[in-house]
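Visitor: In this note's numbering, the protein residues as written are 1011 to 2011. Glycine included, each C-beta is placed from N, C-alpha and C at the ideal position. Structure in structure tokens, see below.
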């Protein structure tokens, strides 16, 4: 059965809507928590074993698949300008002051060549070994067997410093060397002609300083790319010069550092550029930029490298001014489709419908930014600012059969009549009878046939349910309901006798219409109290009808409705709990996969052979644009793709792109470190010798999977002690206590995220004996004490081995517990233990970083200071336990009202602070009002009592950091605004800007 959450099914014969060009890469970010220092990161490289190295303003760090480890090297402490590997796989780095360095045999070494260089120039001729060049003063240098030697072509006669050297083969009909210079000039020399440099005429273009040259091929045509700092992006091709400029909206910034190219299975080239405006993707002449809104740690990207994994997937590594980022750019199950609504409350309406040409058209609605429509690769936008859409929030988009039997498409708007979509992209008013005030809106639609006549059911946010038929509109009264109520979701069930039933999800609970009466199911045993957001009918494994209900606070509730007149709540321990008790929708695709969209990620459920469910939880790290879903924002299309509208935009999950285990290749399993009594030992010897008397031995290893390392599992055995492998574990290491002298073989196996076994690793080592354990001493002792040894030796040895195994297991268990405890302690040092928000320490660090960023980028910073009104009286009246409950509830409400990128922290007592970067005063005011409203909506029970709600006073400041501004300065200004809010009677919002205006007047 095909289900569409927000519209009608699309015929499977339609072509799936292509969003490949719309999606942003999924970025995995590495920062202080992963071992990186808080400084500029400028370069990335890969060593011979496949490890990733990153260069910063003061040194190097290596990524072992789990975290970065700084490389302690006092000899080189300056900016790392570039990294590259030579034909032998040897990794080289350029240091600002110390010059060239190489990494071999586990150590970095300076080459002794301290001349200044801008960047490496790797040349990869077809069918030939890589040549690695670097320009120094007036010379071009080339590495040969680890030694840098002068090389042709020389460029001493050219103006300025050489930035980059490259070579083309067929461009302009001949093989050429190209030299990009610091003065913006470009020179070429024929490979097979006289060694004479000629200027390439770029006088028609303002090239400014050239920062990089890159040779690529696209559809069999050779290209040369010229990157500049201030002059845009240029491409040379046989058919002419093409320029991309920021002034034409083609680039987010003209400060471009470097670029790499990747190719898909059909050979289509994609260019990726590191710039101060984010990561720029160029495909088929079109550019798109990705920045902090898409998950990058900084907009300023200083270095970029790409490599292809053993599975044939391309991965980008980005060095930014805020840390490192990694992104898979080959086909991924998750991708970000749109950021519409990201600055407010995200997506609140979704419709995928067939067009008139065998394809599909996507409609996306938002709370504040209007409507967007994607068709044939192009977005069209409708908003009040553009003059083509009302100034109203969208609450849903639906397609159904109208009363006349023709398709009817409606857009629900807050405090307005719905709009009917006419033709491809025009709108008309659809008149309805309910009140258009107090935030009322159309929230759900159902079209059904009764006695041969078509009728429409419409649920609203404040006025319950209305029915329209040929005779007009009819309001349905809900029995035992004295006040206004909301109907969030409607679905029809046809029972075995052909009778029609309608189920409703309302803010009061579940309701049912039996053909005559609409009533709540309050008396149903085991049905949780409270509201529900959506309902979905689906068959169980035996074909019986089940109703899956998404609740406000109680997760997913399942009902057996095979007899609709006698529904029964199902309690099944085999159904994993939802990631969060607030659930927005439950949808099922044609293959039986179930998706549960919550306030904390998407849960995918798949039936197992035992009748239970296997679960996978997807969050931002997997490609969701935000972890919090929205109402009326999810659907499953005719191609089993799952669309997810969230608080920060729209994501898409395509299970067909999930790599199967049989397509994954075995990854290399590498020994990363050997510790003997806590001291690191060299591991590159042909035979490892462990000194006599060593008490503690630890082997650390990693499977280089290049993604999802946390899902890697390991197991090992030590021969001859272990007859079989141990259990699979996530710990990438194994420890041993004192081992008896002798020869050992440690065998290690690993399994990646796709459950593909990696390349096995075997480590042979010998434990040296003490002097009394040497053979000649033991032989003499045996001759003298043969009888005593025969009686006691064997028993002692067996007991010792047994005790050793017990101790080793104990050490492993304690080590795992200690690692988990350390990780938890690190996390707790930044968390307030009561509210689980960031603490004051985390706030002050983030605020200092925000000030630095705001000054350098001239961006505004917002700071909201919040105080719970009369909290001391609340504690005195209800007790401190109720006070703690109230603090947690208010903290959760504040955290739910911010943008994804903002930080809410507990400042102390009943005071909280929200930090907003890249924000203007209007946005900060909107977030403050949202916080004020959500706290006001908290029920007394959620606050720990039965009578009293809560209110808050808020003061905020928003400005570009001034000279002399410190964290304390902004906090003091926000505190002044908060004091004024209290002085005016509490329970209100005051901006520091308003105080300034009042003072001046």
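Ignoring anything shorter than 4 residues or poking outside the region 1162–1202, list the alpha helix (DSSP H) runs there in chain order.
Guide: none
Visitor: Smallest Cα separation from residue 1449: which of 1495, 1411 and 1983?
Guide: Here the question's residue 1449 lines up with position 439 in the chain shown. Comparing Cα positions, the closest option is 1495.
Visitor: Specify the secondary structure class of residue 1614 as computed by DSSP and reduced to three states.
Guide: By one-based count along the chain shown, residue 1614 stands at place 604. DSSP places residue 1614 in strand when its eight states are reduced to three.
Visitor: Which residue wins for smallest C-alpha separation from residue 1329, given the options 1055, 1280 and 1668?
Guide: Residue mapping note: residue 1329 aligns to position 319 of the chain shown, counting from 1. When each option's Cα is compared against that of residue 1329, the closest is 1055.
Visitor: Quick check on residue 2009: buried or exposed, where buried means 16 or more other Cβ atoms within 10 Å of its Cβ?
Guide: Counting from 1 along the chain shown, the entry for residue 2009 is found at position 999. Summary for residue 2009: the model assigns pLDDT 44, below 50, so the residue's position carries little reliability; its value from the coordinates is reported in the next sentence. Residue 2009 comes out exposed.
Visitor: Mind the definition here: the region 1944–1959 touches the region 1884–1900 only if three or more C-beta pairs lie below 8 Å; say whether that holds.
Guide: yes
Visitor: According to DSSP, which residues form a beta bridge with residue 1559?
Guide: Within the chain shown, numbered from 1, the residue matching residue 1559 stands at position 549. In DSSP, residue 1559 forms a bridge with 1545 and 1567.
Visitor: Could you check what DSSP says for residue 1273 in three-state terms: helix, strand or coil?
Guide: Position 263 of the chain shown holds residue 1273. DSSP places residue 1273 in strand when its eight states are reduced to three.
Visitor: Give the range of the alpha helix (DSSP H) segment to which residue 1864 is assigned.
Guide: Within the chain shown, residue 1864 is the residue found at index 854, counting from 1. Segment 1850–1867, the alpha helix (DSSP H) holding residue 1864.
Visitor: If I follow the unbroken beta strand (DSSP E) through residue 1333, where does it start and stop?
Guide: Against the chain shown, residue 1333 aligns to sequence position 323. Run containing residue 1333: 1333–1338, per the beta strand (DSSP E) assignment.
Visitor: Determine whether the beta carbon atoms of residue 1284 and residue 1311 lie at a separation below 8 Å.
Guide: In the chain shown, the residue the question calls residue 1284 occupies position 274. In the chain shown, the residue the question calls residue 1311 occupies position 301. Result yes, Cβ atoms of residue 1284 and residue 1311 sit closer than 8 Å.
Visitor: Assign residue 1887 to one of two classes, buried (16 or more other C-beta atoms within 10 Å of its C-beta) or exposed (fewer than that).
Guide: Along the chain shown, read from residue 1 onward, the residue named residue 1887 stands at position 877. With fewer than 16 Cβ atoms within 10 Å of its Cβ, residue 1887 is classed as exposed.
Visitor: According to DSSP, is residue 1759 part of a helix, a strand, or is it coil?
Guide: Here residue 1759 is taken as the residue at index 749 of the chain shown, counted from 1. If DSSP states are grouped into helix, strand and coil, residue 1759 belongs with the strands.
Visitor: Give the straight-line distance between the Cα atoms of residue 1048 and residue 1922, rounded to the nearest whole angstrom.
Guide: Along the chain shown, read from residue 1 onward, the residue named residue 1048 stands at position 38. Along the chain shown, read from residue 1 onward, the residue named residue 1922 stands at position 912. Roughly 26 Å separates the two Cα atoms.
Visitor: Note the first and the last residue of the continuous alpha helix (DSSP H) segment covering residue 1215.
Guide: Position 205 of the chain shown, counting from 1, holds the residue named residue 1215. Looking at the DSSP string, residue 1215 is not in any alpha helix (DSSP H), and its letter there is neither H nor E.
Visitor: Count the other C-beta atoms from every protein chain shown that fall within 10 angstroms of the C-beta of residue 1063, then say buried if there are 16 or more, exposed otherwise.
Guide: By 1-based counting over the chain shown, the position of residue 1063 is 53. When all chains shown are included, residue 1063 counts as buried.
Visitor: Which residue or residues does DSSP assign as beta-bridge partners of residue 1153?
Guide: On the chain shown, residue 1153 is found 143 positions in, with the first residue counted as 1. Per DSSP, 1158.
Visitor: Using the rule of at least 16 other Cβ atoms within 10 Å of the residue's Cβ for burial, across every protein chain shown, is residue 1740 buried or exposed?
Guide: Position 730 of the chain shown, counting from 1, holds the residue named residue 1740. Residue 1740 comes out exposed.
Visitor: Between residue 1920 and residue 1877, is the Cβ-Cβ spacing less than 8 Å?
Guide: Sequence index remark: in the chain shown, residue 1920 carries index 910 (1-based). Sequence index remark: in the chain shown, residue 1877 carries index 867 (1-based). A contact, by the Cβ cut-off of 8 Å.
Visitor: Is residue 1015 helix, strand or coil when you go by DSSP?
Guide: The residue you call residue 1015 lines up with position 5 of the chain shown. Its pLDDT being 35, under 50, residue 1015 is placed unreliably in this model, and the value from its coordinates should be taken loosely. Of the three classes helix, strand and coil, the one that applies to residue 1015 here is coil, per DSSP.
Visitor: Name the residue from 1106, 1474 and 1497 whose alpha carbon lies nearest to the alpha carbon of residue 1487.
Guide: Taking the first residue of the chain shown as position 1, residue 1487 is located at position 477. It is 1474 whose Cα lies nearest to the Cα of residue 1487.
Visitor: Ignore the nearest five residues each way along the sequence and tell me which others in residue 1735's own chain have a CB closer than 7 Å to its CB.
Guide: Residue 1735 sits at position 725 when you count from the first residue of the chain shown. Answer for residue 1735: 1725, 1726, 1727 and 1759, listed in chain order.
Visitor: My guess is that residue 2092 and residue 1543 are in contact by the Cβ rule of under 8 Å, so how many angstroms apart are they, rounded?
Guide: Nothing about residue 2092 can be read from this structure; the chain reaches only from 1011 to 2011.
Visitor: From the DSSP output, in three-state form, read off residue 966 for me.
Guide: Residue 966 falls outside the range modelled here, since the chain spans only 1011 to 2011, and no answer is possible.
Visitor: Could you compute how far the alpha carbon of residue 1761 sits from the alpha carbon of residue 1723?
Guide: For the purposes of this step, residue 1761 is taken as the residue at position 751 of the chain shown. For the purposes of this step, residue 1723 is taken as the residue at position 713 of the chain shown. Their backbone Cα atoms lie some 5 Å apart in a straight line.
Visitor: Could you spell out the range, first to last residue, of the beta strand (DSSP E) harbouring residue 1294?
Guide: If you number the chain shown from 1, residue 1294 lands on position 284. No beta strand (DSSP E) contains residue 1294, which DSSP labels as neither H nor E.
Visitor: Who are the near neighbours of residue 1845 in its chain, counting only those whose CB is closer than 7 Å to its CB and skipping five residues on each side?
Guide: Residue mapping note: residue 1845 aligns to position 835 of the chain shown, counting from 1. The beta carbon of residue 1845 sits closer than 7 Å to those of 1897, 1898, 1901 and 1916, all from its chain and outside the five residues before and after it, given in chain order.
Visitor: Would you report the Cα separation of residue 1176 and residue 1189, rounded to the nearest angstrom?
Guide: Locating residue 1176 in the chain shown gives position 166, where the first residue counts as 1. Locating residue 1189 in the chain shown gives position 179, where the first residue counts as 1. Looking at the two C-alpha atoms, the distance is approximately 7 Å.
Visitor: Can you find the residues in the same chain that come closer than 8 Å, C-beta to C-beta, to residue 1025, ignoring five residues on each side of it along the sequence?
Guide: What you label residue 1025 is simply residue 15 of the chain shown in a count that begins at 1. Around residue 1025: 1368, 1369 and 1370.
Visitor: Under the DSSP definition of a beta bridge, which residues are partnered with residue 1383?
Guide: Taking the first residue of the chain shown as 1, we reach residue 1383 at position 373. Residue 1383 pairs with 1373 and 1390.
Visitor: Which value, in whole angstroms, describes the spacing of the CA atoms of residue 1571 and residue 1519?
Guide: As a first step, residue 1571 must be located in the chain shown, where it is residue number 561. As a first step, residue 1519 must be located in the chain shown, where it is residue number 509. Using only the alpha carbons, I get a separation of about 16 Å.
Visitor: Comparing alpha-carbon positions, which option in 1682, 1597, 1097 and 1501 lies nearest residue 1077?
Guide: The residue you call residue 1077 lines up with position 67 of the chain shown. The option with the nearest alpha carbon to residue 1077 is 1682.
Visitor: Would you call the region 1344–1354 and the region 1066–1077 in contact, with 3 or more CB pairs under 8 Å?
Guide: no
Visitor: Once you ignore the five residues that flank residue 1014 on each side, which residues in its own chain have a CB closer than 8 Å to its CB?
Guide: To locate residue 1014, count along the chain shown from 1; it is residue 4. For residue 1014, the predicted model reports a pLDDT of 35, less than 50, meaning its position is unreliable; a value from the coordinates is still stated below. Taken in chain order, the residues that qualify are 1020, 1362, 1645, 1646 and 1647.
Visitor: Exposed or buried, residue 2011, counting other C-beta atoms within 10 Å across all chains shown (16 or more means buried)?
Guide: What you label residue 2011 is simply residue 1001 of the chain shown in a count that begins at 1. Per-residue confidence for residue 2011 stands at a pLDDT of 42, beneath the threshold of 50, marking its modelled position as unreliable; no derived number is given.
Visitor: For residue 1089 versus residue 1108, is the C-beta distance shorter than 8 Å?
Guide: As a working mapping, residue 1089 is identified with position 79 in the chain shown. As a working mapping, residue 1108 is identified with position 98 in the chain shown. Cβ atoms of residue 1089 and residue 1108: not closer than 8 Å.
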